[in-house]
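These notes concern the structure reproduced below.
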Amino acid sequence: MLRRRPASRRAERTLAATGALALLTAAAVTGLTPASSSASSHREAPLIAGDPRADNTDVYAFTSPDKPDTVTLVANWLPFQEPNGGPNFYPFAQDARYNIKIDADGNGKPDTTYTWEFTDHVRDDADQFLYNTGVVKSVNDETLNFRQTYSLKVTDSSGNTKTLLKDSPVAPSNVGKASMPDYASLRKEAVVPLPGGGTAFAGQASDPFFLDLRIFDLLYGGDLSETGHNTLAGYNINTLAVQVPKSTLALKGDAKRNPVIGVWSTTDRRGAAVTGGSKGSEDTSAQAAHDGKAVAKDGNADEWRQVSRLGNPLVNEVVVPLKFKDAFNALSPEKDATITPVVDKVKDPIVPKLVESIYKIPAPTTPRNDLVEIFLTGICKECGPIKADLNSQRLNQDVDKAAVVPAEMLRLNMSVPPAAKPNRLGVLGKDLAGFPNGRRLNDDVVDIELQALQGAAQTGKLVPALAAGDAVDTPYREPGDTFPYVALPNTAAVNQADSLHPDGGVGAGLGGLASGDGFPVVPVTALGGGALLALAGVLALRRRRGTGQA
Numbered sequence: 014m015l016r017r018r019p020a021s022r023r024a025e026r027t028l029a030a031t032g033a034l035a036l037l038t039a040a041a042v043t044g045l046t047p048a049s050s051s052a053s054s055h056r057e058a059p060l061i062a063g064d065p066r067a068d069n070t071d072v073y074a075f076t077s078p079d080k081p082d083t084v085t086l087v088a089n090w091l092p093f094q095e096p097n098g099g100p101n102f103y104p105f106a107q108d109a110r111y112n113i114k115i116d117a118d119g120n121g122k123p124d125t126t127y128t129w130e131f132t133d134h135v136r137d138d139a140d141q142f143l144y145n146t147g148v149v150k151s152v153n154d155e156t157l158n159f160r161q162t163y164s165l166k167v168t169d170s171s172g173n174t175k176t177l178l179k180d181s182p183v184a185p186s187n188v189g190k191a192s193m194p195d196y197a198s199l200r201k202e203a204v205v206p207l208p209g210g211g212t213a214f215a216g217q218a219s220d221p222f223f224l225d226l227r228i229f230d231l232l233y234g235g236d237l238s239e240t241g242h243n244t245l246a247g248y249n250i251n252t253l254a255v256q257v258p259k260s261t262l263a264l265k266g267d268a269k270r271n272p273v274i275g276v277w278s279t280t281d282r283r284g285a286a287v288t289g290g291s292k293g294s295e296d297t298s299a300q301a302a303h304d305g306k307a308v309a310k311d312g313n314a315d316e317w318r319q320v321s322r323l324g325n326p327l328v329n330e331v332v333v334p335l336k337f338k339d340a341f342n343a344l345s346p347e348k349d350a351t352i353t354p355v356v357d358k359v360k361d362p363i364v365p366k367l368v369e370s371i372y373k374i375p376a377p378t379t380p381r382n383d384l385v386e387i388f389l390t391g392i393c394k395e396c397g398p399i400k401a402d403l404n405s406q407r408l409n410q411d412v413d414k415a416a417v418v419p420a421e422m423l424r425l426n427m428s429v430p431p432a433a434k435p436n437r438l439g440v441l442g443k444d445l446a447g448f449p450n451g452r453r454l455n456d457d458v459v460d461i462e463l464q465a466l467q468g469a470a471q472t473g474k475l476v477p478a479l480a481a482g483d484a485v486d487t488p489y490r491e492p493g494d495t496f497p498y499v500a501l502p503n504t505a506a507v508n509q510a511d512s513l514h515p516d517g518g519v520g521a522g523l524g525g526l527a528s529g530d531g532f533p534v535v536p537v538t539a540l541g542g543g544a545l546l547a548l549a550g551v552l553a554l555r556r557r558r559g560t561g562q563a
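Using our numbering, read the sequence shown as starting at 14 and increasing by one per residue.
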């Protein structure tokens with residue numbers, strides 16, 4: 014049986030009239046297939062699972078709580094970063110472009126694209142193996158043997174590109190308390206202003222996504238007594254974020270008349286495409302999605318090809334059939350509605366049928382036009398069965414409605430103010446500032462989606478038997494109060510016993526004290542190569558004995 018919260022919390026709650034919804038068919042069963050180890054869109058498709066630095070994991074879009082005249086966009090890459098994964102740790106790829114795209118007019122094409130490109134800088138690759146050769150006190154510290162910088166460009170709908178930042182610093186991977194005793198100060202150096210207003214960030218963070226991947230493990234046989242373990246606890250992620258005035262993203266620059274935007278992220282690689290045809294064109298990508306023929310193909314070495322894509326969480330993982338996953342990653346949202354196998358799975362998703370077969374909770378009748386509205390069109394009274402005006406671009410006053418197409422993206426109505434007391438269930442919990450109206454770092458998308466899949470959007474009430482969800486209700490690290498909001502990266506090994514971290518359990522540690530939590534700060538820059546190797550051996554031995562971290 015599902016574990017239940019107190020009666021006051023598991024009671025059926027009528028949804029807000031403007032928010033009789035919840036989330037798409039992607040939902041909460043990422044653990045149903047054998048040997049699956051994915052979360053949100055972490056490792057969501059066969060080919061991208063082999064290219065983690067290009068793998069989009071999550072996208073967030075929300076009105077900035079401390080600066081409500083701005084919008085914050087956050088996108089993450091490179092999942093399941095074990096904090097102690099040295100000596101090379103977790104850089105962004107030099108041979109990739111990382112994008113956050115915004116559609117203001119609903120045609121499935123980006124009107125604004127932010128693009129990051131990275132450059133590696135190595136001080137001494139001939140005589141050193143270490144990421145750093147001493148205590149790191151700044152992002153340009155001479156003890157930091159490896160560092161990255163980036164350029165940030167913005168492109169409009171006509172293809173006009175402007176460079177916003179050049180040679181901006183990336184916050185390094187958090188090596189640990191001995192190497193980076195004041196990691197928060199390094200983070201601050203990597204938060205840089207944008208010309209004309211706004212702020213940008215690139216660096217490592219604690220993964221903000223949270224869920225128990227075992228909740229739908231078929232081996233439980235319907236006995237979910239072991240729920241409540243956050244599978245992503247202690248892991249880190251690579252984060253890109255921008256905070257910009259709302260007018261920067263709105264159609265015609267008018268966020269009052271045109272407050273709704275669609276957001277997604279992509280990764281481009283040179284010369285290789287995830288398509289079913291030559292040269293990775295959108296047309297061949299669409300055909301590949303129709304046919305389920307998706308392979309990595311070599312192409313022009315100078316041509317950029319989209320290899321990963323993410324909008325709403327969990328879509329590619331559990332909505333898109335396995336044979337179409339790679340092709341979906343190469344597809345532009347404007348093509349989504351033409352891919353019949355994908356649309357069919359939205360209208361007739363497999364997840365509710367599985368839940369019914371295992372837990373005997375009746376699946377809603379099909380076709381699921383409520384999910385089509387949430388997933389592809391945005392929510393508006395003229396869009397579908399959910400009779401509420403919330404986050405469809407059709408609500409923008411200056412939009413050409415004839416040009417609006419169904420397209421999978423995370424949609425945000427920027428006119429909804431930040432909630433004074435955010436509810437983790439977002440709109441389902443009568444909090445219109447939350448998911449699926451954009452997505453905040455604390456929104457419990459797994460529980461929201463599970464309720465929607467089982468018909469909460471149709472009935473206007475929560476499904477009592479699923480009220481506890483996966484019993485993981487908050488991120489492992491609470492988000493911050495200011496940009497970039499994502500929590501500082503973890504430093505403790507994920508697989509260390511809880512007893513080693515009485516103050517925080519598995520994965521505890523955010524950078525700590527100058528003493529490195531008991532370690533002396535050794536001026537290793539003065540040591541020779543042999544001494545460095547000896548020091549590394551001592552630190553490894555002490556780590557094995559549970560005395561701390563290097």
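Each residue gets a CB set at the ideal place from its N, CA and C atoms; glycine is no exception.
Legend entry - Pro-419 vs Ala-376 beta-carbon contact at 8 Å: no
Inset, instruction - With Ser-219 as the anchor, note down where its alpha helix (DSSP H) starts and where it stops. - result: Here Ser-219 belongs to no alpha helix (DSSP H); instead the beta strand (DSSP E) covers 212-219.
Inset, instruction - Would you identify the three-state DSSP class for Tyr-111, choosing helix, strand or coil? - result: strand
Inset, instruction - Please report the residue range of the alpha helix (DSSP H) in which Lys-358 lies. - result: 353-360
Inset, instruction - Output yes or no for whether 8 Å exceeds the beta carbon distance between Gln-410 and Asn-271. - result: yes
Inset, instruction - Output the distance between the C-alpha atoms of Leu-501 and Asp-154, rounded to the nearest integer angstrom. - result: 19 Å
Legend entry - Given Ile-250 as reference, the closest of Val-72, Val-135, Gly-451, Val-204 once Cα atoms are compared: Val-72
Legend entry - Test: Gly-247 CB closer than 8 Å to a CB of chain E: Within the model displayed, chain E is absent; a lone protein chain is all it includes.
Inset, instruction - Please determine if the stretch 351-367 and the stretch 119-136 are in contact, where contact requires at least 3 C-beta pairs separated by less than 8 Å. - result: no
Inset, instruction - Please classify Gly-467: does DSSP put it in a helix, a strand, or coil? - result: Before going further, note that residue 467 is Gln rather than Gly in the sequence given. Three-state DSSP puts Gln-467 in coil, outside helix and strand.
Inset, instruction - For Val-204, write down the residues that DSSP places opposite it in a beta bridge. - result: Phe-214
Legend entry - Span of the alpha helix (DSSP H) around Ser-340: Note that residue 340 is Ala in the sequence shown, not Ser. Segment 338-342, the alpha helix (DSSP H) holding Ala-340.
Inset, instruction - Excluding the 5 residues preceding and the 5 following Pro-104 in the sequence, name in chain order all residues of the same chain whose CB lies nearer than 6 Å to its CB. - result: Gln-161
Legend entry - Range of the contiguous alpha helix (DSSP H) that encloses Asp-383: 382-385
Inset, instruction - Out of Phe-223, Pro-380, Gly-147, Asn-426, state which residue places its alpha-carbon closest to the alpha-carbon of Ala-401. - result: Asn-426
Legend entry - For His-134: DSSP bridge partner residues: Arg-160
Legend entry - Whole-number beta carbon distance between Leu-323 and Ser-278, since they are thought to touch under 8 Å: 5 Å
Legend entry - Close beta carbons around Val-359, own chain, < 8 Å, minus the five adjacent residues each side: Leu-37, Thr-38, Val-332, Arg-381, Leu-384, Val-385, Phe-388, Leu-389
Legend entry - Limits of the alpha helix (DSSP H) - the one that Pro-365 falls within: 364-372
Legend entry - Terminal residues of the alpha helix (DSSP H) in which Ser-260 lies: 259-262
Inset, instruction - State whether the stretch 108-115 contacts the stretch 141-148, with contact taken as three or more CB pairs (one from each stretch) at a distance under 8 Å. - result: no
Legend entry - Own chain residues within Cβ distance below 7 Å of Ala-484, not counting five before or after: Arg-16, Asp-225, Thr-240, Gly-241
Inset, instruction - Give the single residue among Tyr-372, Leu-466, Asn-508, Gly-482 whose Cα lies nearest to the Cα of Pro-362. - result: Leu-466
Legend entry - Identity of the residue in Asp-79, Thr-176, Gln-141 nearest Gln-256 by Cα: Asp-79
Inset, instruction - Find the nearest neighbour of Arg-407 within the set Val-273, Asn-69, Pro-81, judged by alpha-carbon distance. - result: Val-273
Legend entry - CB contact flag (Ala-469, Leu-445, <8 Å): no
Legend entry - Leu-441, enclosing beta strand (DSSP E) - first and last residue: Leu-441 -> no beta strand (DSSP E), and no H or E assigned at all.
Legend entry - Own chain residues within Cβ distance below 7 Å of Gly-451, not counting five before or after: Ala-74, Phe-75, Leu-423, Leu-425
Inset, instruction - Count the other C-beta atoms from every protein chain shown that fall within 10 angstroms of the C-beta of Val-135, then say buried if there are 16 or more, exposed otherwise. - result: exposed
Inset, instruction - Could you check which residue in Asn-187, Gly-211, Val-167 has the C-alpha nearest to that of Arg-200? - result: Asn-187
Inset, instruction - Sort out for me which residues DSSP pairs Tyr-103 with in a bridge. - result: Looking at the DSSP assignment, Tyr-103 forms no beta bridge with any residue, so it has no partner.
Inset, instruction - State the start and end residues of the unbroken beta strand (DSSP E) segment that holds Ala-88. - result: 83-94
Inset, instruction - Assign Glu-462 to one of two classes, buried (16 or more other C-beta atoms within 10 Å of its C-beta) or exposed (fewer than that). - result: buried
Inset, instruction - Could you please give the first and the last residue of the uninterrupted beta strand (DSSP E) stretch that includes Leu-323? - result: 317-323
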